[in-house]
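*Asks:* In the numbering used here, the protein residues as written are 129 to 321.
Note that beta-carbon positions come from the ideal geometry of N, C-alpha and C, so glycine has one too.
Values in this document were obtained by computation on a predicted structure and should not be read as measured data.
Dropping the structure in here first, questions after.
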Amino acid sequence: QLGNRVQHALRAFTARDRKQLLHAAETYRDNPRFDTAQAIREVGVGEAVTSFLQKKGVPGMVERTLIRPPSSQLGPITAAERRAVIAGSPLAGKYEEKLDRQSAYEMLKKRAEDAAKAAEEAEKAEEEADMALREYKAGRRYSGARVGRSTSRKTRKDASWGEAISSVVIKELKGTTGRRIVRGIFGTLFKGR
Numbered sequence: 129q130l131g132n133r134v135q136h137a138l139r140a141f142t143a144r145d146r147k148q149l150l151h152a153a154e155t156y157r158d159n160p161r162f163d164t165a166q167a168i169r170e171v172g173v174g175e176a177v178t179s180f181l182q183k184k185g186v187p188g189m190v191e192r193t194l195i196r197p198p199s200s201q202l203g204p205i206t207a208a209e210r211r212a213v214i215a216g217s218p219l220a221g222k223y224e225e226k227l228d229r230q231s232a233y234e235m236l237k238k239r240a241e242d243a244a245k246a247a248e249e250a251e252k253a254e255e256e257a258d259m260a261l262r263e264y265k266a267g268r269r270y271s272g273a274r275v276g277r278s279t280s281r282k283t284r285k286d287a288s289w290g291e292a293i294s295s296v297v298i299k300e301l302k303g304t305t306g307r308r309i310v311r312g313i314f315g316t317l318f319k320g321r
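Written out as structure tokens, the structure is:
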């Protein structure tokens, strides 16, 4: 892997096997101290023929190598063994305390929530200010006493409600939406001209 090669023993019993063994030996860079084909035939358990990359990616000479078997254990360790391994580690005491730091996602999420909350509060305050301004203007407009107008008030409210809707529609048509509609109509009518 990454240009490093490890070749374990190859046995050659037939002419075809010997040919493949010689071909495998020829793919390595020669070492004057031993015959590579013979070394591949003779390596035993825990041995291999290896070649590693040198500086600038050039393959090194083939070498006969002893392989160190892994020193591991299959299955769980006891609590006492775990404590002994941790105590013998050069990092003992450094990572024993668990920390739950905030991730970047959590920080950004909190900022977004705070910004949304601030925008909501600003919108609420703006609505309250608009409501207070409307009440103030309405109070100035109708500052006189209202006595004896109970029958005409209902018809006046109905009429004012209809007027309000029509004024909203007219304002909307005068605004951006109205301009878009008019442009769309004229655009389809005079498209080819």
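Between which two residues does the beta strand (DSSP E) containing A137 stretch?
*Replies:* It is not in any beta strand (DSSP E) - A137 carries neither H nor E in the DSSP assignment.
*Asks:* So R192 is in the beta strand (DSSP E); what residue range does that whole segment cover?
*Replies:* Taken as a continuous stretch (DSSP letters only), the beta strand (DSSP E) holding R192 covers 191-194.
*Asks:* Could you tell me the distance, in whole angstroms, from the CA atom of S231 to the CA atom of A250?
*Replies:* Computed Cα separation, rounded: 29 Å.
*Asks:* Buried or exposed: which applies to T164, given that a residue is buried once 16 or more other Cβ atoms fall within 10 Å of its Cβ?
*Replies:* It is buried - the Cβ of T164 has at least 16 other Cβ atoms within 10 Å.
*Asks:* Are F180 and N132 closer than 8 Å when you measure CB to CB?
*Replies:* Closer than 8 Å, so yes.
*Asks:* Hey, how far is the Cα of I214 from the Cα of A220?
*Replies:* Their Cα atoms are separated by approximately 6 Å.
*Asks:* Ends of the alpha helix (DSSP H) at V310?
*Replies:* Run containing V310: 304-317, per the alpha helix (DSSP H) assignment.
*Asks:* For T178, would you say it is in contact with chain C, using Cβ-to-Cβ distances shorter than 8 Å as the test?
*Replies:* Protein chains in the displayed structure number just one, and chain C is not present.
*Asks:* Quick check: what's the CA-CA separation for E255 versus E248?
*Replies:* Using only the alpha carbons, I get a separation of about 10 Å.
*Asks:* Would you list the one or two residues that DSSP bridges to A266?
*Replies:* None, per the DSSP bridge assignment.
*Asks:* Looking at the secondary structure, which residues open and close the alpha helix (DSSP H) in which E170 lies?
*Replies:* Here the alpha helix (DSSP H) through E170 covers 164-170.
*Asks:* Suppose contacts are defined by Cβ-Cβ distances below 8 Å. Is T193 in contact with E175 by that definition?
*Replies:* For T193 and E175, yes; Cβs fall inside 8 Å.
*Asks:* Apart from the five residues on each side of it in sequence, which residues of its chain come closer than 7 Å, Cβ to Cβ, to P187?
*Replies:* Counting only Cβ-Cβ distances below 7 Å, and skipping sequence neighbours, we find G131, R157, S179, L181.
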